[in-house]
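**Q**
There are 2 protein chains.
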Amino acid sequence: MRICDLAEQTGVSPPTIRYYEKIGILPPAQRADNGYRAYRADDMDRVHFVVRARSLDFSLDEIREILAFRERGETPCAYVLGQIDGKLAEIDRRMAALAQMKAELRQLQAAAEEIPLAAVEAKNCVCHLIESHYSTQRSEK
Amino acid sequence: MRICDLAEQTGVSPPTIRYYEKIGILPPAQRADNGYRAYRADDMDRVHFVVRARSLDFSLDEIREILAFRERGETPCAYVLGQIDGKLAEIDRRMAALAQMKAELRQLQAAAEEIPLAAVEAKNCVCHLIESHYSTQRSEK
DNA sequence: CTTGACATTGAAGTAACTTTAAGGTTTATA
DNA sequence: TATAAACCTTAAAGTTACTTCAATGTCAAG
Numbered sequence: 002m003r004i005c006d007l008a009e010q011t012g013v014s015p016p017t018i019r020y021y022e023k024i025g026i027l028p029p030a031q032r033a034d035n036g037y038r039a040y041r042a043d044d045m046d047r048v049h050f051v052v053r054a055r056s057l058d059f060s061l062d063e064i065r066e067i068l069a070f071r072e073r074g075e076t077p078c079a080y081v082l083g084q085i086d087g088k089l090a091e092i093d094r095r096m097a098a099l100a101q102m103k104a105e106l107r108q109l110q111a112a113a114e115e116i117p118l119a120a121v122e123a124k125n126c127v128c129h130l131i132e133s134h135y136s137t138q139r140s141e142k
Numbered sequence: 002m003r004i005c006d007l008a009e010q011t012g013v014s015p016p017t018i019r020y021y022e023k024i025g026i027l028p029p030a031q032r033a034d035n036g037y038r039a040y041r042a043d044d045m046d047r048v049h050f051v052v053r054a055r056s057l058d059f060s061l062d063e064i065r066e067i068l069a070f071r072e073r074g075e076t077p078c079a080y081v082l083g084q085i086d087g088k089l090a091e092i093d094r095r096m097a098a099l100a101q102m103k104a105e106l107r108q109l110q111a112a113a114e115e116i117p118l119a120a121v122e123a124k125n126c127v128c129h130l131i132e133s134h135y136s137t138q139r140s141e142k
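In order, the protein sequence lines correspond to chains A and B. Take any residue in the first sequence, count from 1 to its spot, add 1: that is its number in the numbering used here. Take any residue in the second sequence, count from 1 to its spot, add 1: that is its number in the numbering used here.
1) Give the interface partners of Asp44 (chain A) over in chain B, defined as CB-CB distance under 9 Å, in chain order.
2) Please list the segments of the alpha helix (DSSP H) lying wholly inside the region 23-77 of chain B, counting only runs of 4 or more residues, in order along the chain.
3) Just the Cα atoms here: how many angstroms apart are Phe70 (chain B) and Met2 (chain B)?
4) Going by DSSP in three states, Arg19 (chain A) sits in which element: helix, strand or coil?
5) In the structure shown, what three-state DSSP assignment does Arg3 (chain B) receive?
6) Assign Gln138 (chain B) to buried or exposed, taking buried as 16 or more other Cβ atoms, counted over all protein chains shown, within 10 Å of its Cβ.
7) How big is the Cα-Cα spacing for Arg55 (chain B) and Tyr37 (chain A)?
8) So, helix, strand or coil for Val81 (chain A), using DSSP?
9) Could you check whether Ile4 (chain B) and Lys103 (chain A) sit closer than 8 Å to each other, using their CB atoms as the reference points?
10) Nearest by alpha-carbon distance to Asp6 (chain B): which of B:Gln31, B:Ala39, B:Arg32 is it?
11) Helix, strand or coil: how does DSSP classify Gly12 (chain B) here?
12) Which residues in chain A sit within 8 Å of Asp58 (chain B), going by Cβ to Cβ distance?
13) Can you grab the Cα-Cα spacing for the pair Ile18 (chain A) / Ala111 (chain A), in whole Å?
14) On a CA-only basis, which of B:Cys78, B:Arg94, B:Thr11 is nearest Asp43 (chain B)? Give me that one, please.
15) Would the beta-carbon of Leu106 (chain B) fall within 8 Å of that of Leu89 (chain A)?
16) Please confirm whether Leu61 (chain A) has its beta-carbon closer than 8 Å to some beta-carbon of chain B.
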């Protein structure tokens, strides 16, 4: 199995696989006679683990730590569960921020529709709204 | 008004203000006799504009483009409204991704509680779950 | 008069990649 | 058999939006 095949199987690009190897997320790959990287099923498992953890928003540093636990033969259970708690809290924060952002963008859209063409020509448009929204919010508090 | 004051008023750190100037988001600042940057109200307005746009998730490149429109005396209305449409769509995508992530992390938490201590000692813990979840999801399809 | 808190600059560090450059190998086709 | 497409290799630089650092300069207060 060559790097391109592994890439296809895992959805990770070849340069990214090499990058993961370089920074120690993946062990140095076996090499074929021609010097090409040669992979097997367990390599794919490890990449899948990384993909999975990345999709759960673990950073590469966190993933490296988890893998290190495993290599030392320790279970990173408590560690991982702690990280998961943190992630969940952060997801809530992010979703709230996105919800607010969405509301504000919608407000901008609505406000843009209110603006008469004359004002648009006079450059009193959305930019102005973006500009003034800050003070508006401030004074609303 | 010195850089530190401007920073305090806008919530942007002094190095970041210098950075914005360096990459052309802000114009070269006026200088006091001692060489310190000196700011006035309209500088603050511009920084507020940038802060506002950043908080709405516009990239610095996009902000630079919007500001360029304004400097050329054109209204970037259509442009900005188009960007806003894109942002809204992206926010929906991100929120969906976060919701899925949250559901999966909760699933991991729940699964962790099912694992008997014996299995934990035998290293069959959350890591294993992260690892196997991918194939589980795949085969569920 | 010295200490602390500001200011200046350029350069390097950060995350997680992507892109580029400059080559070497293999495979399919003409 | 020649050659072109599609792989592979490496190191290095680019990306985004900053932050941090180093080395130095200025200024107000005790």
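Quick reminder that beta carbons are idealized off the backbone N, C-alpha and C, glycines included.
**A** Let me lay it out:
1) Along the first sequence, one-based indexing puts residue 44 (chain A) at 43. None at all; the shortest Cβ gap to chain B is about 13 Å.
2) Listed in chain order, they are 42-56, 61-72.
3) The sequence position of residue 70 (chain B) within the second sequence is 69, counting from 1. The sequence position of residue 2 (chain B) within the second sequence is 1, counting from 1. When rounded, the distance between both Cα atoms is 28 Å.
4) Walking along the first sequence from the start, residue 19 (chain A) turns up at place 18. Here Arg19 (chain A) carries a helix assignment [DSSP, helix/strand/coil].
5) The sequence position of residue 3 (chain B) within the second sequence is 2, counting from 1. DSSP places Arg3 (chain B) outside both helix and strand once states are collapsed to three, so it counts as coil.
6) Walking along the second sequence from the start, residue 138 (chain B) turns up at place 137. At Gln138 (chain B) the pLDDT is 44, less than 50, meaning the model places this residue with poor confidence and gives no usable figure here.
7) Looking up residue 55 (chain B) in the second sequence gives position 54. Looking up residue 37 (chain A) in the first sequence gives position 36. In this structure, the alpha-carbon of Arg55 (chain B) lies about 44 Å from that of Tyr37 (chain A).
8) Working through the first sequence from its first residue, we reach residue 81 (chain A) at position 80. Helix.
9) Taking the first sequence and counting its residues from 1, one reaches residue 103 (chain A) at position 102. Taking the second sequence and counting its residues from 1, one reaches residue 4 (chain B) at position 3. Against a cut-off of 8 Å, the Cβ pair of Ile4 (chain B) and Lys103 (chain A) comes out as no contact.
10) Residue 6 (chain B) sits at position 5 when you count from the first residue of the second sequence. Minimum Cα distance to Asp6 (chain B) is reached at B:Ala39.
11) Stepping through the second sequence from its first residue, residue 12 (chain B) is reached at position 11. Three-state DSSP puts Gly12 (chain B) in coil, outside helix and strand.
12) Position 57 of the second sequence holds residue 58 (chain B). Under the 8 Å cutoff, chain A gives Met102.
13) Counted from its first residue, the first sequence places residue 18 (chain A) at position 17. Counted from its first residue, the first sequence places residue 111 (chain A) at position 110. For Ile18 (chain A) and Ala111 (chain A), the distance between alpha carbons rounds to 45 Å.
14) Residue mapping note: residue 43 (chain B) aligns to position 42 of the second sequence, counting from 1. Taking only the C-alpha atoms, the option nearest Asp43 (chain B) is B:Thr11.
15) Here residue 106 (chain B) corresponds to residue number 105 of the second sequence, with the count starting at 1. Here residue 89 (chain A) corresponds to residue number 88 of the first sequence, with the count starting at 1. The criterion of a C-beta distance shorter than 8 Å is satisfied by Leu106 (chain B) and Leu89 (chain A).
16) Position 60 of the first sequence, counting from 1, holds the residue named residue 61 (chain A). Judged by the 8 Å Cβ criterion, Leu61 (chain A) is not in contact with chain B.
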